[in-house]
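Report on one structure; see the data block that follows.
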Amino acid sequence: MRMKIYFAGSISGGRQDQGIYAQIIELLKQYGTVLSEHFGDVALTSAGETIGDRAIHDRDVAWILEADVIVAEVTTPSLGVGYELGRCVAWGKRIVCLYRPSDSRRLSGMIAGSPGVRVISYAAVGDLPAIFDELFAH
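Sequential numbering from 9 applies to the sequence shown in the working numbering.
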């Protein structure tokens, strides 16, 4: 059975990492079905989706509950991703947060300090295949 993966990344908080999200999603597809692959879509802007806030919330919560693992790219801060991660911790979900450190930003202590979250620092998308092999290969 293929693993179900919920990928999270910033939408309203800024789409500057959209290209990175798209690359991560493609890598994750090697390990399972990515339920939320639209996060990598170039057409998705910081204006969000047109289906309505409640529909987005309910759909994403359903996907999170269905997922075997949550993978969040947390370099660009996002209130929505933070909300999702908090719920995932409460529900005991397996959570992996990917973060690109730099001198100009710091990861929130609420993410970095959570015992329910595994934070993995990386410099470039090229670092992720080996990391994902270690995390997800059976």
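Built from N, CA and C at the ideal position, the CB exists for glycine as well.
Taking a 10 Å sphere around the C-beta of Ser112, we find fewer than 16 other C-beta atoms and assign the residue as exposed.
At a Cβ-Cβ threshold of 8 angstroms, Ile78 and Arg108 do not count as neighbours.
Assignment of Tyr130 by DSSP, reduced to helix, strand and coil, places it in the coil class. A distance below 8 angstroms between beta-carbons, with the five flanking residues on each side excluded, links Ala75 to the following residues of its chain, in chain order: Lys12, Ile13, Tyr14, Leu43 and Lys101.
Under the 10 Å beta carbon count, Ala16 is surrounded by 16 or more other beta carbons and is classified as buried. Taking 8 angstroms as the cut-off, the Cβ atoms of Leu115 and Val89 do not count as close.
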